[in-house]
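Chains as they are written, first to last, in numbering that gives the first Met the number 0: chain A, 0 to 180; chain B, 0 to 102; chain C, 0 to 504.
Glycine residues also receive a C-beta, built at the ideal position from the N, C-alpha and C atoms.
See structure below.
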Amino acid sequence: MSAWIMAAFMLTAAAGAVMVILYRNPVYSALSLVLTMFALSAIYVMMGAYFIAVAQALVYAGAIVVLFLFVIMLLNLRNQQALKESFGLRAAVGALLGALFIGVAGGTMWAVLSPDQFSKSAEVFKDEGHTESLARLLFKNNLVPFEAVSLILLAALIGVVVLIRFHGRPSSDNSEESNDA
Amino acid sequence: MTPELTYRLCLTLSAVLFAVGVAGVLIRRNAIVIFMCIELMLNAANLAFVTFSRHLGVLNGQAVVFFVMAVAAAEVAVGLAIIVTVFRTRASVNVDELKLLRR
Amino acid sequence: MTPLDNLSSLQHYIPDAALASFAVLIVIVDLFARGRSKVVVGVLSIAALAVAGALTLWMPHTGERLFYGMARQDGLAQTFKLVIVGCAAVTLLVSLRTQEVAERLRGEFFALMLFATYGMFLMVSASNLLIAYLGVELASISSYILAGFLANQSRSSEAAFKYVIYGSVASGVMLFGVSLLYGMAGTTDIALMGERLASAHPLALTIAVVFLFAGVGYKIASVPFHMWSPDVYEGSPLPVTAFLSVASKAAGFGLTLRIFRDGLGAEELLASVDWPLFLALLSAVTMTVGNLAAMGQKNVKRLLAYSSIAHGGYLLMGIAALGSSDSSAPTAAILFYLAVYLFMNLGAFFVVMHLAEPSRLGSEEMPAYRGLIRRSPALAIVMSVFLFSLIGLPPFAGFWGKLYLFKSVVDASLVEGGVNGHNFVWLVLLAMANSAISLYYYFAVVKAMLLDRGEEETPVKAHPAFALVLLILFLPTLLLGFFTNVDDFRVDEAPEASASIMAEE
């Protein structure tokens with residue numbers, strides 16, 4: 000039973016991804032992206048990576064895609080952009096390259112797995128509830144990456160404020176609405 | 000589903016997501032959609048990390064995923080902010096219409 | 000050497016920690032600084048870089064593995080950090096009075112410069128691919144914003160736009176490569192990975208390495224990830240261009256060295272993934288593309304942008320030579336070349352920047368440079384020296400840089416077994432031919448300045464503070480080759496892989 004559910008989520012994720020690049024209206028693309036993110040989150044749950052699953056739903060579906068939607072609405076792209084983009088030849092080349100990449104990446108992926116590992120990993124698969132050990136890993140071994148990420152977020156925050164508030168306007172004094180994204 | 004098949008399918012899905020992301024970056028001209036495709040590429044890597052982490056029985060792959068998510072959020076925020084500034088002067092988010100710097 | 004835990008690592012991490020803390024401090028100080036007191040922020044930023052640079056210089060870098068094997072403080076990191084911090088300091092000095100960055104945004108500008116510098120520190124001291132990725136992202140995200148810093152100029156936001164798209168795609172591909180390597184090795188520790196990858200599937204390993212290279216390849220503007228660089232260099236504020244063309248490139252090479260020397264240098268790995276040949280081919284294409292594209296340029300800034308792609312190609316040659324049995328000679332040559340490149344390239348960019356100000360030439364186009372020798376003999380001669388050095392003409396520092404680099408590649412090719420069985424003498428010959436091509440376009444600028452007659456005769460005066468900065472860059476360009484040589488840049492050998500086992504839980 001769970002196998003079929005897992006397969007269904009995988010198909011949903013793949014279909015969502017394909018729809019992201021096929022819809023001409025960016026709003027639909029963003030909604031397809033949500034679909035993919037949620038399906039991935041479900042897959043993480045089924046693989047026992049609960050913390051990552053929650054973070055996936057919160058960060059991607061909850062924050063990032065909403066950000067996309069905000070910007071699309073802000074720029075009001077629906078009408079002008081939907082018709083402008085012409086696919087045609089570029090789509091053919093892209094599809095070809097995409098197929099090539101699936102071949103390359105997929106083949107690589109299958110080659111990467113070491114067969115002698117499967118007996119061992121079956122054990123790990125049963126082991127649930129590892130959020131505690133993940134937390135220990137995050138704050139002990141990965142303390143510097145954690146601090147680095149905090150700096151990345153700070154840099155992005157400052158950058159977005161600079162870009163949005165002071166750019167493309169004659170003067171910044173009348174900043175009645177500051178979109179600090 | 001045996002773990003082996005699960006892993007193989009997850010990795011195939013990861014490859015598919017990555018390929019779709021790359022194809023999207025090449026096909027689409029709308030900068031916002033290009034950023035969505037970049038998100039797909041990052042998610043492909045995340046899925047691979049989680050799968051490998053389960054397969055190998057070491058947790059540090061999941062720690063990486065956590066960091067990638069934070070970085071992705073920062074990157075998207077900056078990218079979209081830049082798109083907005085370009086849109087203010089150009090009224091377009093089509094990457095082909097940016098020709099000011101080419102000669 | 001066993002990795003240290005977080006607390007005992009701190010004492011070895013003081014220079015980097017100081018830089019990061021200063022960066023955050025500047026953000027806070029900037030909030031309270033108003034009007035004229037913004038100068039405080041600038042002075043504080045330069046002080047931060049001076050402190051970080053001095054600490055880096057004086058701290059013993061003995062190769063400790065810090066924070067459970069995340070970062071490594073060794074001679075390689077030290078030299079790269081000095082190049083990066085030097086570039087950042089000179090750039091900040093120059094941008095203290097540039098009109099390109101709006102007065103009220105100076106604080107943010109300085110803070111982001113420091114963030115980018117810290118990101119590059121992370122890159123060159125990374126001994127774990129996670130830190131490497133985060134360093135790349137911190138440096139990139141700060142640089143995207145810096146590139147778009149010219150308020151109300153669509154040229155600049157367009158540069159930022161191109162940069163952010165190319166950069167995000169490249170780092171996404173890099174991350175996928177990292178995930179593949181993680182799947183094969185079960186770790187993201189670079190040295191440990193090198194040890195465990197020996198049994199991996201050769202083809203899968205090759206593909207993973209190619210993906211991984213996308214991330215650093217875009218940082219060093221190697222073909223085929225170079226397309227962003229001329230546009231970004233042209234559209235960004237000039238201090239940012241200079242910073243990106245030197246510091247960002249140096250950091251990219253630092254990380255490339257880490258990955259290929261520390262991680263993939265083992266003989267068993269070279270048998271399954273032939274990266275020296277891959278990098279040699281990329282190097283050949285990169286230097287040729289950079290030089291050929293530079294030939295047609297009439298905009299001096301853009302010309303320098305393409306020529307910096309070509310210099311990246313020369314340096315890649317040194318990375319390819321790392322595949323030989325002795326990796327320390329090419330490493331020293333790369334470090335020496337980067338140290339020289341810091342002075343000559345920054346110098347050339349800053350002269351262009353200074354001349355582009357409205358009160359001087361007000362243009363970056365070649366015709367405006369005609370007859371500069373009559374209007375400002377000093378600037379014309381200094382610029383000519385920088386350009387001669389970039390060509391690699393003796394006796395300037397650029398010549399010595401090229402000489403040592405070429406020699407190290409030839410030496411590596413001629414020893415028993417060559418570079419992983421290849422002989423890269425052809426690559427050196429190609430690099431020499433490329434230097435001859437570069438003579439043509441650099442000389443076009445020199446000719447315009449020294450020999451042509453311009454329409455205008457009004458004298459152009461350099462600002463005294465700027466003249467001082469230029470002198471700091473000019474003297475090493477003239478004399479570096481006589482006072483030091485490549486042996487001063489020798490750093491410790493690649494670390495023992497087995498010592499890093501402890502990095503795992």
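Would you mind telling me which residues of chain C sit closer than 8 Å to residue i, beta carbon to beta carbon, in chain order?
i        : result
B:Thr5   : Neighbours of B:Thr5 on chain C: none; closest Cβ ~15 Å, over 8 Å.
A:Phe50  : Residues of chain C passing the Cβ test: none, with the nearest at roughly 17 Å.
A:Leu153 : Val23, Val26 and Phe114
For residue i, return the contacting residues in chain B, with the cut-off set at a CB-CB distance below 9 Å.
i       : result
A:Ala41 : The contacting residues do not exist; A:Ala41 stays about 12 Å from chain B at best.
Output the distance between the C-alpha atoms of residue i and residue j, rounded to the nearest integer angstrom.
i        : j        : result
C:Ala46  : C:Ser388 : 30 Å
C:Leu513 : B:Arg53  : No statement about residue 513 of chain C is possible, as the shown extent of chain C runs from 0 to 504 and does not include it.
C:Leu302 : C:Tyr441 : 9 Å
B:Arg104 : C:Pro463 : The requested residue 104 of chain B is not part of the displayed model; chain B covers only 0 to 102.
A:Phe8   : C:Ser167 : 27 Å
A:Leu99  : C:Gly52  : 47 Å
C:Leu202 : C:Gly176 : 13 Å
B:Tyr6   : B:Leu46  : 10 Å
C:Leu360 : C:Arg374 : 10 Å
A:Leu82  : C:Phe473 : Because the pLDDT at A:Leu82 is just 48, under 50, the model does not fix this residue reliably, and the value given afterwards should be weighed accordingly. Roughly 55 Å separates the two Cα atoms.
B:Leu12  : A:Ile42  : 11 Å
C:Asn422 : C:Ala199 : 27 Å
C:Ala213 : B:Leu4   : 30 Å
Report the neighbours of residue i on chain C: residues whose CB is nearer than 7 Å to its CB, in chain order.
i       : result
B:Ile33 : Ile164
Residue i touches chain A at which residues, Cβ-Cβ below 8 Å?
i        : result
B:Met68  : Ala54, Gln55, Val58 and Tyr59
C:Gly171 : Neighbours of C:Gly171 on chain A: none; closest Cβ ~13 Å, over 8 Å.
I'd like to know whether the C-beta of residue i is nearer than 8 Å to at least one C-beta of chain A.
i        : result
C:Tyr67  : yes
B:Ile81  : yes
C:Ser247 : no
B:Ala44  : no
C:His60  : no
B:Ile26  : yes
Determine, for residue i, whether the minimum Cβ-Cβ distance to residues of chain B falls below 8 Å.
i        : result
A:Met72  : no
C:Ser178 : yes
A:Ala94  : yes
A:Leu133 : yes
A:Phe37  : no
A:Val143 : no
A:Met0   : no
A:Ala90  : yes
C:Tyr143 : yes
A:Ala14  : no
So for residue i, helix, strand or coil by DSSP?
i        : result
C:Val272 : coil
A:Glu131 : helix
C:Gln10  : coil
B:Asp95  : helix
B:Val57  : coil
C:Asp230 : helix
C:Arg359 : coil
C:Ala125 : strand
Taking 7 Å as the cut-off, is the C-beta of residue i nearer than that to any heavy atom in the ligand COA?
i        : result
C:Pro223 : Ligands in the displayed structure: none, and consequently the ligand COA is not present.
At a CB-CB cut-off below 9 Å, which residues of chain C make contact with residue i?
i       : result
B:Thr93 : The residue asked about is misnamed: residue 93 of chain B is Asn in this sequence, not Thr. Neighbours of B:Asn93 on chain C: none; closest Cβ ~11 Å, over 9 Å.
Consider the Cβ of residue i: report whether some Cβ of chain C lies at a distance smaller than 8 Å.
i        : result
B:Phe17  : yes
A:Asn161 : Rather than Asn, the amino acid found at residue 161 of chain A in this sequence is Val. Yes, A:Val161 lies at the interface with chain C (some Cβ there is under 8 Å from its Cβ).
B:Arg53  : no
B:Leu8   : no
A:Gly158 : yes
Starting from the beta carbon of residue i, find every residue of chain B whose beta carbon is closer than 8 Å, and list them in chain order.
i        : result
C:Glu136 : Val70, Ala73 and Glu74
Using a Cβ cut-off of 7 Å, pull out every chain B residue sitting near residue i, in sequence order please.
i        : result
C:Ile140 : Ala73, Glu74 and Val77
For a quick check, are the C-beta atoms of residue i and residue j less than 8 Å apart?
i        : j        : result
A:Met45  : A:Ala60  : no
A:Leu136 : B:Ala80  : no
C:Phe179 : A:Val111 : Contrary to the premise, residue 179 of chain C reads as Leu rather than Phe in this sequence. Closer than 8 Å, so yes.
A:Ala29  : A:Val53  : no
C:Val409 : C:Gly322 : no
C:Leu278 : C:Ile318 : yes
A:Val103 : C:Ile13  : no
C:Leu174 : B:Leu41  : yes
C:Thr507 : C:Val384 : One cannot answer for residue 507 of chain C here, as it falls past the ends of chain C, which runs 0 to 504.
C:Phe335 : C:Tyr403 : yes
C:Leu56  : C:Leu81  : yes
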